[in-house]
Amino acid sequence: MRPAYLFVSTASKYDCKIEVIKDDIRVDGKSVLDILTLGATQGTRVQLEATGVDAQQAISALEELVVAGFPITADSGDTSSG
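Just remember that our numbering sits 104 ahead of the position in the sequence shown, which is counted from 1.
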């Protein structure tokens, strides 16, 4: 679940509306539950759509996160206690 959490954590930093599309399914990019319902595993192709004032910045940040393979950093906000 960590990649979904990192994706949503990054998406939530932006004011725009973000949607993730896989096949015929379109979900809220700021909802962990919605992201998990996509069932997107490594290598799955998805499309991102964002609308709003900071949409391009959001798409760029999310694309960077995905291309980097969802790296874990100290500031990722992961507060799970294992």
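C-beta atoms are modelled at their ideal positions from N, C-alpha and C, and glycine is treated no differently. Since we're looking at a predicted model, the values are computed, not measured.
Reduced DSSP secondary structure (H/G/I, E/B, other) of residue i
{"i": "glutamate 123", "result": "strand"}
{"i": "alanine 178", "result": "Here the model assigns alanine 178 a pLDDT of 44, short of 50, so the residue's position is not dependable, and the following value carries that caveat. Reduced to three states, the DSSP call for alanine 178 is coil."}
{"i": "aspartate 128", "result": "coil"}
{"i": "leucine 137", "result": "helix"}
{"i": "alanine 172", "result": "coil"}
Bridge partner(s) assigned by DSSP for residue i
{"i": "threonine 155", "result": "Lys121"}
C-beta atoms of residue i and residue j nearer than 7 Å
{"i": "aspartate 158", "j": "aspartate 132", "result": "no"}
{"i": "alanine 154", "j": "alanine 162", "result": "yes"}
Endpoints, the alpha helix (DSSP H) within which residue i is located
{"i": "threonine 148", "result": "Premise fails: threonine 148 is in no alpha helix (DSSP H) and is neither H nor E."}
{"i": "alanine 115", "result": "106-115"}
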